[in-house]
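Participant: One structure coming up, written as structure tokens, with questions to follow.
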Amino acid sequence: MLFRSIILQGRQWFLLTDSPRRYRHRKYVSQLFQNLQKIPPQDSQLHCKSHKLMIYNDIIQNCHPGGFHLLPLGQRVLEKLIKVIDKELDTIGAQKICMPTLALASLWKKTDRWDSAGAELFRLKDRHKQDYCLGPTHEELVTDLISKMGNNLSYKKLPVRLYQISRKFRDEMHPRHGLLRSREFEMKDLYTFDTTEVNAKKTYEEVCQVYENIFNRLGLQFKKVIGATGNIGGKLSHEFLLQSDIGEDTIKVCTSCQYGRNIEVEDPSVRENKCPSCGSGLDKMSAIEVGHSFLLGTKYSEILGSTYKDKNAKNIVTQMGCYGLGVTRILQAGIEVLSEDEAIRWPKIISPYQICIIPQMKGYMEDKFMELSNKLYDEIVAVPNLRGEVVIDDRTKFTVGNRLSQANRLGYPYVVVIGKSAIDEEPKYELQDIYNKTTDFLSSSQIISKLSQIKTT
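The sequence shown begins at 1 in this note's numbering and counts up one residue at a time.
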């Protein structure tokens, strides 16, 4: 085994070279489960840009109406997005749990949602003829969970903030636009329990700020507007949306201040296209809902017996809030609002890989160029924040231009071309910043220094 050291940002890093084990763990495009030769037909029935880009770049694949396989690149992005959400929720003390997908009908009937949920609720019976539903959301289950703590829940333990990121189900009549309106999807649902309405409102504001932090980290320009409480219920609601022509929500947003409202929420001033906050005009736009917050009060806790003991040992009903993020919807909506017509542009921090290395085409000194590619790969992944963020396009039967085009389509933020200048007396590598459309010729140490600044999850 050989060790080689590099100096990066004033620190010495040691990396293992010429190791068969490390070699096996390098990521090569030829080994990825994807078909990069797919070409969208001219007469495609897909009218949603992000849906088309995800299908023809093997991010997702159709399984059945409203159901999709999430392929390896899509799964990598999903896991990175979940990591961003987990980190931000941890800042407010939210704790992650996992609840059953199957929910007893008896709980939903107690809150009257078994009937009011309508045909979108997937219902089934077990072998004992017991009614269940596939949970589209989990207010009933989590409130029942808290109620079972009974006398053990003291006011000193509140607030309690529990969340999960799990598969949810909705029997859509007309599923469309890929993951934007599907029958099963990943959702982050957070449920909070407080002692008083005042404290619940403070929690509400904290969670809304966390949502803003998440979208800011993803580089997504969001709109926060007053929303309808709908079937969930509650005293206050806000929606988080991304402006898009294919969005199914219509909102009005003030041209001067931050006020915004979904048109489903009645307000005389909004009907007159006048901001009730500052009096300025309102812009009307279509948008994709990606998050929703609800201040529930005691709607569920009173019915299902969620209480805590106050300082006088008296049982008091908890004040609740619930907060959803459509995780797979964010994944696709981010592509929809950021991408070019023929090329994916991810929220950069969750791109499947940050860096793609492309060696010269098969022929002239191909072994040397592959050796340089492997060496540069090992040097880059030795940087802690870039571990697992590099892939080598080793399909040298294709031209560099062809592979560059495919890397651009897939939305890798950075591409390093190992060209003939890499074997000059003073070797230089071609670094392309795909999103900013810039090219630099740099030494390997300069490449590593620049790439080490990349923000990752």
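Note that beta-carbon positions come from the ideal geometry of N, C-alpha and C, so glycine has one too.
Might you give, ordered along the chain, the residues of its own chain that have their beta carbon closer than 8 Å to the beta carbon of LYS397, omitting 5 neighbours on each side?
Facilitator: Excluding residues within five positions, the ones whose Cβ falls inside 8 Å are MET361, LYS362.
Participant: Confirm the yes/no value for this check: CB of TYR412, any heavy atom of the ligand ADP, distance under 7 Å.
Facilitator: For the structure depicted, the ligand ADP is absent and the ligand set is empty, with no information on it obtainable.
Participant: Indicate whether LYS274 and VAL253 have their beta-carbon atoms separated by less than 8 Å.
Facilitator: No, Cβ-Cβ distance for LYS274 and VAL253 is not below 8 Å.
Participant: List, from N- to C-terminal side, the alpha helix (DSSP H) runs of 4 residues or more that fit wholly inside the region 152-230.
Facilitator: Whole alpha helix (DSSP H) segments, 4+ residues: 197-218.
Participant: Under the rule that 16 or more other beta-carbon atoms within 10 Å means buried, what is ASN231, buried or exposed?
Facilitator: That one is exposed.
Participant: For ALA287, which of helix, strand or coil comes out of DSSP?
Facilitator: In the structure shown, ALA287 sits in a strand (DSSP, three-state: E or B).
Participant: Write down the C-beta distance between TYR155 and THR195 rounded to the nearest angstrom, noting that I regard them as a contact closer than 8 Å.
Facilitator: So it is a contact: roughly 5 Å between Cβ atoms.
Participant: At the level of alpha carbons, what is the spacing between MET99 and VAL142?
Facilitator: Taking the straight line from one Cα to the other gives about 8 Å.
Participant: Using DSSP's beta-bridge definition, name the partner residues of LYS397.
Facilitator: In DSSP, LYS397 forms no bridge with anything.
Participant: Would PHE33 be called buried (16 or more neighbouring beta carbons within 10 Å of its own) or exposed?
Facilitator: PHE33 should be labelled exposed.
Participant: With 16 as the cutoff for other CB atoms within 10 Å, does GLY135 come out buried or exposed?
Facilitator: Looking at its Cβ environment, which holds 16 or more other Cβ atoms inside 10 Å, GLY135 is buried.
Participant: So what does DSSP say about ALA103, is it helix, strand or coil?
Facilitator: Correct three-state label for ALA103: strand.
Participant: Can you tell which of PHE169, LYS437, THR255, ILE214 has its C-alpha closest to the C-alpha of GLY291?
Facilitator: Comparing Cα positions, the closest option is ILE214.
Participant: Per DSSP, what kind of secondary structure is ARG387 in: helix, strand or coil?
Facilitator: ARG387: coil per DSSP, three-state reduction.
Participant: Please classify TYR364 as buried or exposed, where buried requires at least 16 neighbouring CB atoms within 10 angstroms.
Facilitator: The residue in question, TYR364, is exposed, as its Cβ has fewer than 16 Cβ neighbours within 10 Å.
Participant: If you check the beta carbons only, do ILE251 and HIS238 fall under 8 Å apart?
Facilitator: Cβ atoms of ILE251 and HIS238: not closer than 8 Å.
Participant: Go to ARG345, then tell me how far its alpha helix (DSSP H) extends in each direction, as first and last residue.
Facilitator: Element bounds for ARG345: n/a, residue is neither H nor E.
Participant: Which residues mark the beginning and the end of the alpha helix (DSSP H) in which ASN374 is found?
Facilitator: That run of the alpha helix (DSSP H) goes 366-381.
Participant: Could you please give me the residues that DSSP links to GLU239 through a beta bridge?
Facilitator: Looking at the DSSP assignment, GLU239 forms a beta bridge with VAL225, HIS292.
Participant: Assign ILE447 to one of three DSSP states: helix, strand, or coil.
Facilitator: Note: ILE447 maps to helix in three-state DSSP.
Participant: Based on DSSP bridge pairs, tell me the residues matched to LYS125.
Facilitator: According to DSSP, LYS125 bridges with ASP131.
Participant: Thinking LYS455 and ILE357 are a contact (beta carbons under 8 Å), I'd like their distance in whole angstroms, please.
Facilitator: Contact flag wrong, Cβ pair sits at about 20 Å.
Participant: Counting Cβ pairs closer than 8 Å, one from the region 83-94 and one from the region 156-172, do we hit at least three?
Facilitator: Yes, the region 83-94 is in contact with the region 156-172.
Participant: Roughly how many angstroms lie between the CA atoms of ASP144 and GLU302, to the nearest whole one?
Facilitator: So the alpha carbons of these two residues sit roughly 11 Å apart.
Participant: Just tell me which of LYS201, GLU336, SER30 has its CA closest to the CA of THR298.
Facilitator: Taking only the C-alpha atoms, the option nearest THR298 is LYS201.
Participant: Let me confirm a value: THR307 is counted as buried when at least 16 other C-beta atoms fall within 10 Å, else exposed. Which label applies?
Facilitator: That one is buried.
Participant: Could you tell me which residues DSSP puts in a beta bridge with GLN75?
Facilitator: BP columns for GLN75 are empty, so no partner.
Participant: Under DSSP, the beta strand (DSSP E) around PRO359 begins and ends at which residues?
Facilitator: From DSSP, the beta strand (DSSP E) with PRO359 extends over 355-359.
Participant: In or out: CYS63 buried (at least 16 other Cβ within 10 Å) or exposed?
Facilitator: Looking at its Cβ environment, which holds fewer than 16 other Cβ atoms inside 10 Å, CYS63 is exposed.
Participant: Taking just the CA atoms, how far does SER182 sit from ARG127?
Facilitator: Cα to Cα, the separation comes out at about 28 Å.
Participant: Give the secondary structure of GLN61 by DSSP, where H, G and I count as helix, E and B as strand, and everything else as coil.
Facilitator: DSSP places GLN61 in strand when its eight states are reduced to three.
Participant: State the DSSP-derived secondary structure class of VAL327, mapped to helix, strand or coil.
Facilitator: Helix at VAL327.
Participant: According to DSSP, is ASN482 part of a helix, a strand, or is it coil?
Facilitator: Missing from the structure shown is residue 482; the chain here goes from 1 to 457 and no further.
Participant: With distances taken from CA atoms, which of PHE169, VAL198, GLY334 is nearest GLY247?
Facilitator: For GLY247, the nearest C-alpha among the options comes from GLY334.
Participant: Taking all protein chains shown into account, do 16 or more other C-beta atoms lie within 10 angstroms of the C-beta of LEU124, making it buried, or fewer, making it exposed?
Facilitator: LEU124 comes out exposed.
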